[in-house]
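Residue 670 in our numbering sits at position 100 of the sequence shown, and the numbers go up by one each step. Some notes on the structure that comes next.
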Amino acid sequence: GDASVWDAFSYFAGQKPGQAMAGHTDPGFLTIKALSSVPGLEVRDAATDRWLAVEALPNASTEAAAGRRQRLVVLAADTLEKWTQGRIPSCRHRVASPSGSSARLSLVYEMRVLGEGLNASDAAA
Numbered sequence: 571g572d573a574s575v576w577d578a579f580s581y582f583a584g585q586k587p588g589q590a591m592a593g594h595t596d597p598g599f600l601t602i603k604a605l606s607s608v609p610g611l612e613v614r615d616a617a618t619d620r621w622l623a624v625e626a627l628p629n630a631s632t633e634a635a636a637g638r639r640q641r642l643v644v645l646a647a648d649t650l651e652k653w654t655q656g657r658i659p660s661c662r663h664r665v666a667s668p669s670g671s672s673a674r675l676s677l678v679y680e681m682r683v684l685g686e687g688l689n690a691s692d693a694a695a
């Protein structure tokens with residue numbers, strides 16, 4: 571079986587400025603997000619301890635609807651960090667509230683592994 575998850579999040583326009591989703595890491599192995607035409611996704615730079623905006627793509631949602639190639643961002647998640655003994659850290663990220671009149675739709679695939687709480691050496695056995 572597969573423990574992976576597809577999610578869709580909608581962040582409504584007209585909210586107070588700030589965070590729509592607080593900083594966090596994801597469970598699982600990898601998280602794959604389709605870039606939105608509305609900015610908001612931010613990742614934490616561990617070296618500088620600063621939040622960095624992930625660039626939104628102009629017309630991303632209309633291009634995806636028209637069948638054009640969509641750009642993706644891939645984030646390491648908690649199980650990958652554990653299995654690599656911290657060599658590949660889980661990516662801390664958050665979402666800022668959309669500014670302006672456009673809502674932000676976020677499509678997310680979380681790749682999870684059955685038994686992901688195991689150590690990598692235990693999982694291979």
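Ideal Cβ positions, reconstructed from N, Cα and C, are used throughout, including at glycine.
Look at Glu-651 here: in three-state DSSP terms it is helix. Excluding five sequence positions before and after Val-575, the CB atoms of its chain that fall closer than 6 Å to its own CB belong to Glu-680, given in chain order. Counting the other Cβ atoms within 10 Å of the Cβ of Arg-682 gives 16 or more, which makes it buried.
Bounds of the beta strand (DSSP E) holding Leu-645 are 642 to 646. A straight-line Cα-Cα distance of about 15 Å links Ser-580 and Gly-588. An exposed status is given to Lys-586, since fewer than 16 other beta-carbon atoms sit within 10 Å of its beta-carbon. Of all alpha-carbon atoms in Pro-659, Val-665, Gly-593, the one lying nearest the alpha-carbon of Phe-599 is that of Pro-659.
Leu-650 sits away from Ala-604, with the two beta carbons spaced by 7 Å or more. As DSSP reads the structure, Lys-586 sits in no beta bridge.
Here Ile-602 carries a strand assignment [DSSP, helix/strand/coil]. In the three-state reduction of the DSSP assignment, Arg-682 falls in the coil class, being assigned neither a helical nor a strand state. A direct Cα-Cα distance of roughly 27 Å separates Thr-601 from Gly-670.
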